[in-house]
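To keep things clear, I will list the structure first and then write my remarks on it.
Numbering (full-length UniProt numbering), first residue to last: 1 to 544.
Here it is, written out as structure tokens:
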């Protein structure tokens with residue numbers, strides 16, 4: 001395994017947005033985070049935790065042991081859980097929505113991040129113990145990740161497997177039965193994956209995990225546990241009743257004081273917007289920080305002085321909600337800004353490892369933590385990388401292409417090998433159409449600003465459609481081109497599939513089927529958790 005090239009993670013982010021500035025210009029955002037993203041501040045977080053952490057460690061250990069044993073956890077994981085009963089043990093936490101077959105590869109890179117970071121912290125601060133925890137986000141009812149995954153097929157194409165979960169719309173992932181996944185997932189992988197020495201064992205792992213699981217959340221956690229069996233990774237599923245029991249104090253506070261956190265979030269959002277950032281979280285002023293799982297699914301709870309509490313299904317008194325919390329606490333699920341507090345109320349978290357999306361919304365939560373007597377942990381960027389097969393590396397070198405050149409349109413690369421001007425002419429006309437519409441907008445706005453806004457919407461739609469057509473024309477030109485054009489198009493598919501970074505689209509099993517489970521250890525050795533870089537890593541020694 002070798003690193004072909006490397007770039008800062010910021011090269012893959014949009015400038016002037018929160019995640020970019022968090023990594024590149026932290027001073028701009030320092031008022032919205034408790035501490036910088038640097039492990040030198042871990043002793044300071046430990047001091048906060050010693051004062052603030054109130055969860056009964058023995059109870060926490062008991063429920064973690066029970067849950068992880070049900071996932072066939074290794075002795076290393078069980079020993080790590082037991083260490084949490086000691087006040088000198090702290091958690092390094094990450095999390096991800098429970099995606100089908102673990103979702104995109106970024107899920108696995110998050111797990112590698114906390115495992116490797118714990119190793120570093122245990123060396124640097126030997127007076128303490130740090131254990132890695134993976135929070136499986138099973139409370140989420142957005143099924144856009146839970147119902148599908150994508151792989152790189154044997155034909156170098158992106159192929160997506162999708163479940164039909166329409167009858168489960170609105171339900172938390174942790175409540176959807178694993179029976180929704182059947183043999184078709186194995187048939188899909190058998191057809192799309194190359195034949196390799198690792199294929200049979202990996203398909204067996206997937207089949208065994210599915211047979212063991214009761215819910216889609218369990219299927220996700222079983223796979224994560226098997227992939228990191230020897231690394232001591234602790235799994236946490238917030239939908240399980242035992243964990244909600246441990247958090248009754250926090251959830252009860254939200255019932256007694258239902259709108260304070262919403263006000264804090266909205267105030268921080270207003271401030272971030274005034275600084276020129278897009279608001280990550282937006283809530284109505286009567287939305288509570290929690291949901292209820294009712295007959296028709298997961299429902300937002302609202303509160304007002306006249307109506308009390310209500311959802312789209314029915315009204316509730318405060319006493320009714322407290323009764324539900326006592327008897328069936330698993331019916332409460334957290335919204336995006338209560339979830340981190342729920343996590344850090346239960347776990348002695350000193351570092352949370354997150355991606356750009358999490359850094360984005362956590363920027364609104366500093367005062368939310370303080371409102372509940374807690375301090376935000378260090379928010380640390382996850383590792384990020386792109387995996388390259390040997391043939392992909394050969395093509396990059398052959399055509400002298402930097403991987404980042406494949407981000408966005410590849411027309412400028414194709415022009416080196418194909419002088420056909422169809423794409424060029426279309427893009428010139430595309431620009432001309434937009435310029436003409438800009439002139440029309442200026443004239444119309446002078447007459448009526450409302451009509452100008454309508455025309456602006458039309459311009460955005462036209463621009464989108466023309467971009468889509470430009471992409472189709474590029475693909476068609478590639479089909480009609482020679483070997484060079486086809487290989488360059490495949491490079492784009494491997495490195496920026498669907499015009500997105502590989503790690504956010506392609507499932508890890510696409511790579512494991514070619515490199516085996518040892519590939520996870522090789523990735524771990526190649527990445528550097530102390531530097532937020534994005535390496536392009538060549539793995540394997542031959543084409544399969």
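Where is the CB? At the ideal position from N, CA and C, for every residue including glycine.
Which partner residues does residue 387 have in the DSSP bridge list?
According to DSSP, residue 387 bridges with 537.
Any idea which residues DSSP pairs residue 68 with across the strands?
Paired residues: none, contrary to the question.
So, using beta-carbon positions, are residue 227 and residue 507 closer together than 9 Å?
Not in contact: residue 227 and residue 507 (Cβ atoms no closer than 9 Å).
Relative to the alpha-carbon of residue 229, which residue among 312, 205, 301 has its alpha-carbon at the smallest distance?
Among 312, 205, 301, the Cα nearest to that of residue 229 is on 205.
Measure the alpha-carbon distance for residue 292 versus residue 140 and round it to whole angstroms.
Their backbone Cα atoms lie some 12 Å apart in a straight line.
State whether the region 71-90 contacts the region 118-129, with contact taken as three or more CB pairs (one from each stretch) at a distance under 8 Å.
Contact between the region 71-90 and the region 118-129 is present, because at least three Cβ pairs lie under 8 Å.
Look up residue 406 in the DSSP assignment and say whether it is helix, strand or coil.
Residue 406 falls in the helix class under three-state DSSP.
In chain order, which alpha helix (DSSP H) runs of at least 4 residues are fully inside the region 325-387?
339-346, 356-362, 366-371, all fully within the region 325-387.
Quick one: residues in its chain with C-beta nearer than 6 Å to the C-beta of residue 419, no 5 flanking neighbours on either side, listed in chain order?
Confidence at residue 419 is low in this model, with a pLDDT of 48, below 50, so its placement is unreliable and the value that follows should be read with caution. Around residue 419: no qualifying Cβ.
What residue range is occupied by the uninterrupted beta strand (DSSP E) comprising residue 137?
Taken as a continuous stretch (DSSP letters only), the beta strand (DSSP E) holding residue 137 covers 129-137.
Are the beta-carbon atoms of residue 112 and residue 517 separated by less than 9 Å?
No, these two residues do not count as a Cβ contact at 9 Å.
Let me make sure I understand the geometry here. Which of 248, 19, 72 has the alpha-carbon closest to that of residue 54?
For the residues 248, 19, 72, the minimum Cα distance to residue 54 belongs to 248.
Residues in the same chain with beta-carbon distance under 7 Å from residue 346, minus the five sequence neighbours each way, listed in chain order, please.
So the qualifying residues of the chain are 55, 60, 243, 246, 247.
Considering only the alpha carbon of each residue, which of 37, 294, 461 lies closest to residue 328?
The option with the nearest alpha carbon to residue 328 is 294.
Closest by CA to residue 343, which one among 75, 476, 239, 532?
When each option's Cα is compared against that of residue 343, the closest is 239.
Between the Cα of residue 279 and the Cα atoms of 361, 199, 341, which residue gives the shortest distance?
If we check each option's Cα against that of residue 279, 361 comes out closest.
Going by the CB atoms, is the gap between residue 12 and residue 388 shorter than 9 Å?
Not in contact: residue 388 and residue 12 (Cβ atoms no closer than 9 Å).
What is the DSSP secondary structure of residue 514, counted as helix, strand or coil?
Three-state result, residue 514: helix.
Got a sec? Which residues, its chain only, sit under 7 Å from residue 178 by beta carbon, not counting five neighbours each side?
Once the five neighbours on either side are set aside, the close Cβ partners of residue 178 are 210, 213, 214, 215, 216, 218, 219.
From which residue to which residue does the alpha helix (DSSP H) around residue 554 run?
Here the chain covers residues 1 to 544 and nothing more, so residue 554 does not appear.
Which residues does DSSP pair with residue 412 in a beta bridge?
The partner list for residue 412 (beta bridge, DSSP) is empty, contrary to what the question assumes.
Do the region 160-167 and the region 180-195 meet, that is, are 3 or more Cβ pairs less than 8 Å apart?
The region 160-167 vs the region 180-195: in contact.
Secondary structure at residue 2, three-state DSSP: helix, strand or coil?
In this structure, residue 2 counts as strand in the three-state DSSP scheme.
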